[in-house]
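If you're matching them up, the sequences are chains A and B in order. Numbering of the first sequence is given in the working numbering, commencing with residue 7 and proceeding in unit increments. Numbering of the second sequence is given in the working numbering, commencing with residue -3 and proceeding in unit increments. The structure under discussion appears below in the form of structure tokens.
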Amino acid sequence: MNASGHHFIADKAFLAFDAAKTGLAVTMRRDDEGLSALEASRLLAAVAADRDRAAFAVLFGFYAPRVKAFLKRSGMTASAAEDVAQETMLIVWKKASYFDPARAGVSTWIFTIARNARVDRLRRDGRPAAIAEAFDPSDQPEPPVLGEEAMIAAEREERVRAALGLLPREQADILKMSFFGEETQSQIASAFGIPLGTVKSRVRLALGRLRQILDDLK
Amino acid sequence: MIKHHPSDETLFRYAAGSLEPGPRIVVAVHVGGCEVCASRIGEFEAVGGSQLHDIEPDELEAGALDRAMAMIEADEAGRRTLAARPGLPRAEVGIRLPEVLDECGIGPWRWIGPGVRWSRVTLPGDDNANVMLLKVRAGRRLPEHTHAGHEYTHVLQGSFSDARGRYGPGDLDEADDDVQHQPIVDKDGECICIAALEGQMKLRGFFGRLIQPLIG
């Protein structure tokens, strides 16, 4: 492994972990805005194959603060969001070997874990929500493959990102906001100055346009 | 050959995690056997992934990483294995159910009308979802009906037809209150579906009307 980039990544991660251990805030890792899809994918593979703590620490430094932010945007309190972000990262640790780089990028995979953890939490709190992790059909164990397949998934994510960029601004915003849960529908309505009942049809329109663009980009 | 898929809107809500548990499991059954929808959901989930990647990160509480590292060490040591969910009872219903349903409870077939039986599907940790298996005799014509809210029906075996087309194994019928139809199960065999109703509203759809007295 030393011949590959793995050694370097591990060193970098140890630095990050040490920094955190010595009392520096985890948000020090903010400089890592550019954690590339491929690097994240390699780190996750190291967690899966070697139970690599240092690699996990880097992933934690990048993703946990983002998962927390995402959950707060979805309407969770700061402390619930912190809890669920921790849960999410523990699942990342446990299920690292289920990650299939041919199917999704790391950000997307972690998004689905956070989504399921959020849904689980809302259900435990007795609020209507979607279903738990147990039913995710994308949750089949796959041997981790790196290299070309990871590039293919990364390209798909780039394509989606490009498509969002090509959507009219309002449509892109409506789709993005929809990801923060249905509670935000009334916020969407007021943000765009449209009646609540119109939000659904706007989402439908935006999805139709997104599908067209994605198909054109294929 | 799958001809009928969930709408993009439904797949998007699935990806965003905002589809209710009942419809979600029915859509999951469909997606488990439909590459087209699996890939479509993958694209929508990538919208969520890019949202997560690009969001302004929040500050974690002090010591968050230490806690996480302690948790994974405990996990490695096997001290923090998640308690296995007690299995839900599963009646034998005579067909092999999709793996997605492995953790669901499956009730025994119950008669609800000439040529129609149903079995209640329960989701772990969720008693409120209206999900059921339906078994309808070959050639049975169902009364004309409309829907209150969305009904999601996925065909597991056999087929039925109505004015909109023919629904066979792997097809998912997403019917809302605009749809008025009179499905007929095709003559070549009984039809088994998994169906879910959206919302906790008073059920007025055909399946809903049949089921309402039973689930109170």
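Think of the CB as a built atom: it goes at the ideal place given N, C-alpha and C, for glycine as much as any other residue. Values in this document were obtained by computation on a predicted structure and should not be read as measured data.
Kindly indicate which three-state DSSP category residue i falls into: helix, strand or coil?
{"i": "valine 209/A", "result": "helix"}
{"i": "valine 32/A", "result": "Because the pLDDT at valine 32/A is just 37, under 50, the model does not fix this residue reliably, and the point stays unresolved."}
{"i": "alanine 58/B", "result": "coil"}
{"i": "methionine 128/B", "result": "strand"}
{"i": "glycine 28/B", "result": "helix"}
{"i": "glycine 164/B", "result": "coil"}
{"i": "aspartate 4/B", "result": "helix"}
{"i": "arginine 137/B", "result": "strand"}
{"i": "arginine 92/B", "result": "coil"}
{"i": "aspartate 89/A", "result": "helix"}
{"i": "leucine 220/A", "result": "helix"}
{"i": "aspartate 123/B", "result": "strand"}
{"i": "alanine 136/A", "result": "Bear in mind that a pLDDT of 40 at alanine 136/A, under 50, signals an unreliable position, so the model cannot answer this."}
{"i": "serine 144/A", "result": "For serine 144/A, the predicted structure reports a pLDDT of 45, less than 50, and the residue's modelled location is therefore unreliable. The matter cannot be settled from this model."}
Apart from the five residues on each side of it in sequence, which residues of its chain come closer than 6 Å, Cβ to Cβ, to residue i?
{"i": "proline 179/B", "result": "Leu138, Phe156, Asp158"}
{"i": "aspartate 58/A", "result": "Ala52"}
{"i": "glutamate 93/A", "result": "Ala123"}
{"i": "glutamine 191/A", "result": "Val205"}
Between which residues of its own chain and residue i is the CB-CB distance below 8 Å, once the five residues before and five after are set aside?
{"i": "proline 201/A", "result": "Ala195"}
{"i": "glutamine 177/A", "result": "Arg208, Leu211, Ala212, Arg215, Leu216"}
{"i": "tryptophan 99/A", "result": "Val53, Phe62"}
{"i": "glycine 161/B", "result": "Lys(-1), His0"}
{"i": "lysine 224/A", "result": "Arg165"}
{"i": "leucine 173/A", "result": "Leu181, Ala212, Arg215, Leu216, Ile219"}
List, in order along the chain, the chain B residues whose C-beta lies closer than 8 Å to that of residue i?
{"i": "phenylalanine 117/A", "result": "Glu41, Gly44, Gly45, Gln47, Leu48"}
{"i": "threonine 64/A", "result": "According to the sequence displayed, residue 64/A carries valine and not threonine. What valine 64/A touches in chain B: nothing, since even the nearest Cβ is about 10 Å away."}
{"i": "glutamine 92/A", "result": "Ala60, Arg63, Ala64, Met67"}
{"i": "phenylalanine 105/A", "result": "By Cβ distance, chain B contributes nothing, its closest Cβ being about 13 Å from phenylalanine 105/A, past 8 Å."}
{"i": "glycine 67/A", "result": "Leu61"}
{"i": "arginine 162/A", "result": "Gly38, Glu39, Ala42"}
{"i": "serine 113/A", "result": "Gly45, Ser46, Leu48, His49"}
{"i": "arginine 124/A", "result": "Gly13"}
Taking residue i as the query, report the chain D residues whose CB atoms sit under 8 Å from its CB, ordered along the chain.
{"i": "glycine 171/A", "result": "Judged by its chain identifiers, the structure shown contains no chain D, and its protein chains are A and B."}
Could you round the C-beta distance between residue i and residue j to whole angstroms and report it? I think they count as a contact, below 8 Å.
{"i": "glutamate 99/B", "j": "proline 120/B", "result": "5 Å"}
{"i": "valine 25/B", "j": "tyrosine 10/B", "result": "With a Cβ gap of about 12 Å, valine 25/B and tyrosine 10/B do not count as contacting."}
{"i": "aspartate 122/B", "j": "proline 19/B", "result": "Not confirmed; about 12 Å, so no contact."}
{"i": "valine 127/B", "j": "isoleucine 190/B", "result": "7 Å"}
{"i": "leucine 44/B", "j": "phenylalanine 66/A", "result": "Position check: residue 44/B holds glycine in this sequence, whereas leucine was assumed. About 19 Å separates the two Cβ atoms, so there is no contact after all."}
{"i": "alanine 160/A", "j": "alanine 43/A", "result": "4 Å"}
{"i": "leucine 48/B", "j": "isoleucine 91/B", "result": "With 8 Å as the limit, leucine 48/B and isoleucine 91/B do not qualify as a contact, their Cβ atoms being about 39 Å apart."}
Could you pull the DSSP bridge partners for residue i from this structure?
{"i": "glycine 101/B", "result": "Thr118/B"}
{"i": "arginine 113/B", "result": "Trp107/B, Lys131/B"}
{"i": "tyrosine 148/B", "result": "Glu170/B, Ala192/B"}
{"i": "phenylalanine 156/B", "result": "Tyr163/B, Val181/B"}
{"i": "arginine 86/B", "result": "Ile102/B"}
{"i": "cysteine 33/B", "result": "None, per the DSSP bridge assignment."}
Could you name the residues of chain B that residue i contacts, counting a contact when the two beta carbons are closer than 7 Å?
{"i": "methionine 95/A", "result": "Ala64"}
{"i": "valine 166/A", "result": "Glu39, Ala42, Val43, Ser46"}
{"i": "leucine 220/A", "result": "Glu39"}
{"i": "glycine 203/A", "result": "Those do not exist, as glycine 203/A stays about 14 Å from chain B at its closest Cβ, beyond 7 Å."}
{"i": "phenylalanine 185/A", "result": "Ala12, Val43, Gly44, Gln47"}
{"i": "lysine 101/A", "result": "By Cβ distance, chain B contributes nothing, its closest Cβ being about 11 Å from lysine 101/A, past 7 Å."}
{"i": "threonine 83/A", "result": "Per Cβ cutoff of 7 Å: no residues; threonine 83/A is ~12 Å from chain B at best."}
{"i": "arginine 175/A", "result": "By Cβ distance, chain B contributes nothing, its closest Cβ being about 15 Å from arginine 175/A, past 7 Å."}
Output, in chain order, the set of chain A residues within a Cβ distance shorter than 8 Å of residue i.
{"i": "aspartate 182/B", "result": "Those do not exist, as aspartate 182/B stays about 27 Å from chain A at its closest Cβ, beyond 8 Å."}
{"i": "aspartate 167/B", "result": "Near aspartate 167/B there are no residues of chain A at all, since even the closest Cβ is about 17 Å away, more than 8 Å."}
{"i": "glutamate 72/B", "result": "Arg57"}
{"i": "isoleucine 51/B", "result": "Arg72, Ala75, Phe76, Arg79"}
{"i": "phenylalanine 8/B", "result": "Leu181, Ser184, Val209, Leu213"}
So with CB distances below 7 Å, who are the chain A contacts of residue i?
{"i": "aspartate 54/B", "result": "Pro71, Lys74, Ala75, Lys78"}
{"i": "alanine 191/B", "result": "Near alanine 191/B there are no residues of chain A at all, since even the closest Cβ is about 16 Å away, more than 7 Å."}
{"i": "glutamate 5/B", "result": "Val209, Arg210, Leu213"}
{"i": "glutamate 57/B", "result": "Glu88"}
For a contact meaning CB atoms closer than 9 Å, what does residue i contact in chain B?
{"i": "alanine 110/A", "result": "Gly38, Glu41, Ala42, Gly45"}
Which residues in chain A have a C-beta closer than 9 Å to the C-beta of residue i? List them in chain order.
{"i": "aspartate 172/B", "result": "Within chain A, no residue comes near aspartate 172/B; the closest Cβ sits about 11 Å away, beyond 9 Å."}
{"i": "isoleucine 102/B", "result": "By Cβ distance, chain A contributes nothing, its closest Cβ being about 14 Å from isoleucine 102/B, past 9 Å."}
Quick one: what's got a C-beta closer than 7 Å to residue i's C-beta in the same chain, skipping five residues either side?
{"i": "threonine 6/B", "result": "Leu15, Val23, Glu170"}
{"i": "lysine 183/B", "result": "Ala134, Gly135"}
{"i": "alanine 87/A", "result": "Lys74, Leu77, Lys78"}
{"i": "phenylalanine 40/B", "result": "Leu7, Phe8, Ala11"}
{"i": "arginine 113/B", "result": "Trp105, Arg106, Trp107, Lys131"}
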